[in-house]
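Quick note on our numbering: the sequence shown kicks off at 156 and runs consecutively.
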Amino acid sequence: MLQRLDLRGITGPITPHLPRPEVDGDEPVDAVRAILDSVRRDGDAAIRDYTERFDGVALDDLRVPTEALRAALDATPADVRDALELAHHNVAEYHRHQRPADQRYEADGIVVRSLFRPVERAGCYVPGGRALYPSTVLMTAVPARVAGVDQVVLCVPPGPDGLPPEVTMAAAAVAEVDEVYAVGGAQAIAAMAYGTETIAPVDVIVGPGNIYVAIAKREVAGVVGVPSSFAGPSEVVVIADGTDPVELAAIDVVVQAEHGPHGLAWLVTWSPDVADAAAAAVAEIVAASPRRADIEATLAAAGIVALVDGPEQAMAVANAIAPEHLQLMTADNEALVAATRHAGAVFCGPSAPASFGDYIAGPSHVLPTNGSARFSQSLTTFDFVKDVHVVDIDAEAADRLAPHVEALATAEGLAAHAQSARMRRARQ
């Protein structure tokens, strides 16, 4: 089930030796562009058409009534409601700790203030299809709310009754989302980016999704902010040396694989015994899983147990993949943390699996995928604010700096810039 990859003895760059699933290509890009163009042109009519075509639902109203959210929360079992409220608390507290504060810098007559100002409208996408994701409501809407966003908007695919899943609506009530729309897929991204008769455009769009949603977000970047990079199919790299029970490493490979195809699930070890035991444990777990088909689809395409020479090569593999989740289960996790350069999030030891990060640890589970952790990071409150610089310069500093500004402006051939600097000197 897990394909064996022997990387021992390889010298030089490791990347050429690492297979990776193809999650892009012309076909999905062309399909997404057609959807974006249609929604931009036809608005609500296009949304209804795609919803009926892809979700099998004919919608009368795109917006979910507020009373439906409250009713869903009231109907939620007590244990699930308690879990939602605890997760909400943890996510909110973590992001309050992280929230940027205004700053002030002074130097020789120059004062620069950084004013962090939230966007007005944030669009949160919550996927549907293979599973329910009330956790993603919290992981997107709560950081936006903590950042001070005025209006938090949620799009989630509808069920057969034309409404989102009840537990997802309950999470929206807990998170105090302002607007919820029963719209999914690339068409939801288009609606939030361009606006329709019913859905007003937003300033930023966040949230994970399938390949079509991820491509749609990439396509509308520039029309709106898309700060969380390529948040697509799920990924995990588990590095294990047998220090912790191999069954824990195996289940955490399966955890990310059960999200469905186009993902990536690797176990990396320098112990042949661990490789054999983990592969056997994964096969046993998958055979008993109610989501066996989804897991097998992921593992068939990108399920690998890799043998390496040791911890240094293991980290070379992890950094080359730049996975969404990196899980460390070794005798010296901190040494591997120090060597980590590219990963969406790192989970250390047997008591901190990625599944805890998915739900309740505090940081958002919206993480970069498809190698974009090389230049991107998890969703944070910073993704909902802008740094506005306010500059003050006193007259003495202006007189001192003006010749330098004039020299640079002249070198660039910008006469008005140079004149502006000279006029500041003339005021003395």
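Here a beta-carbon is modelled for each residue, glycine too, at the ideal position from N, C-alpha and C.
None of the values given here were measured: they were computed from a predicted structure.
Comparing alpha carbon positions, the residue from V423, A490, M484 closest to G458 is V423.
Assigned with DSSP and collapsed to three states, D399 falls in coil, not helix or strand.
Put simply, the stretch 247-256 touches the stretch 535-543. At least three CB pairs are less than 8 Å apart. Within the DSSP bridge table, the entry for A493 names no partner. Rounded to whole angstroms, the gap between the alpha carbons of V184 and L309 is 24 Å. In terms of CA proximity to V322, L287 leads the group L287, G303, E331, V311.
Annotation for R251: the continuous alpha helix (DSSP H) segment containing it runs 233-253. In the DSSP secondary-structure assignment, I354 is not bridged to any residue. Per DSSP, reduced to three states, the secondary structure at Q468 is helical. In the same chain as H414, and ignoring 5 residues on each side of it, the C-beta atoms closer than 6 Å to its own belong to S389, in chain order. For D538, there is no enclosing beta strand (DSSP E), as DSSP marks it with neither H nor E. Secondary structure of I459 (DSSP, three-state): strand. By the CB criterion at 8 Å, V429 and A395 fall inside the cutoff. Where T295 is concerned, the enclosing alpha helix (DSSP H) starts and stops at 289-302.
Sequence-distant partners of A296 (beyond 5 residues in either direction) whose C-beta falls short of 6 Å from its own C-beta, in its chain, are C279, V307, A330, V332. A direct Cα-Cα distance of roughly 7 Å separates A213 from G317. V460 is not a Cβ neighbour of L481, given a cutoff of 8 Å. Here the alpha carbons of N474 and A493 stand approximately 12 Å from one another. Between the stretch 392-406 and the stretch 355-364, the count of C-beta pairs closer than 8 Å stays below three; the two stretches do not touch. Relative to E467, the option among G167, D204, T351 whose CA is nearest is G167. If you draw a straight line from the Cα of L483 to the Cα of E551, it is about 56 Å long. In chain order, M156, L157, A405, V408, V409 place their CB closer than 7 Å to the CB of V437, counting only its own chain and leaving out the 5 sequence neighbours on each side. Excluding its 5 nearest sequence neighbours in each direction, D305 has C-beta neighbours in its own chain below 6 Å: E275, listed in chain order. For G340, the enclosing alpha helix (DSSP H) covers residues 340-349. Note: P273 is bridge-paired with V540 in the DSSP secondary-structure output.
Between V472 and the set A302, D234, D204, L491, the nearest pair of CA atoms involves L491.
Considering only T565, G284, V235, A226, the residue with the shortest C-alpha distance to F209 is G284.
The beta carbon of S426 is closer than 7 Å to those of D396, G397 in its chain, skipping five residues each way along the sequence. The shortest C-alpha to C-alpha distance from V375 to any of D358, V301, A432 is the one to D358. The Cβ atoms of G517 and E248 sit closer than 8 Å to each other. When C-alpha distances from G387 are compared across R373, A233, A189, L224, the shortest belongs to R373.
Sixteen is the threshold: since fewer than 16 other Cβ atoms of the shown chains lie within 10 Å of the Cβ of Q258, the residue is exposed. Separation of the CB atoms of P313 and A337 is rounded to 4 Å, and the pair is thereby assigned contact status at 8 Å. Inter-residue distance for P320 and L224 is about 10 Å (C-alpha atoms, whole angstroms).
Secondary structure note for D161: it is in no alpha helix (DSSP H), and the uninterrupted beta strand (DSSP E) holding it is 158-161. Cα atoms of I515 and A434: separation of roughly 29 Å, rounded to the nearest angstrom.
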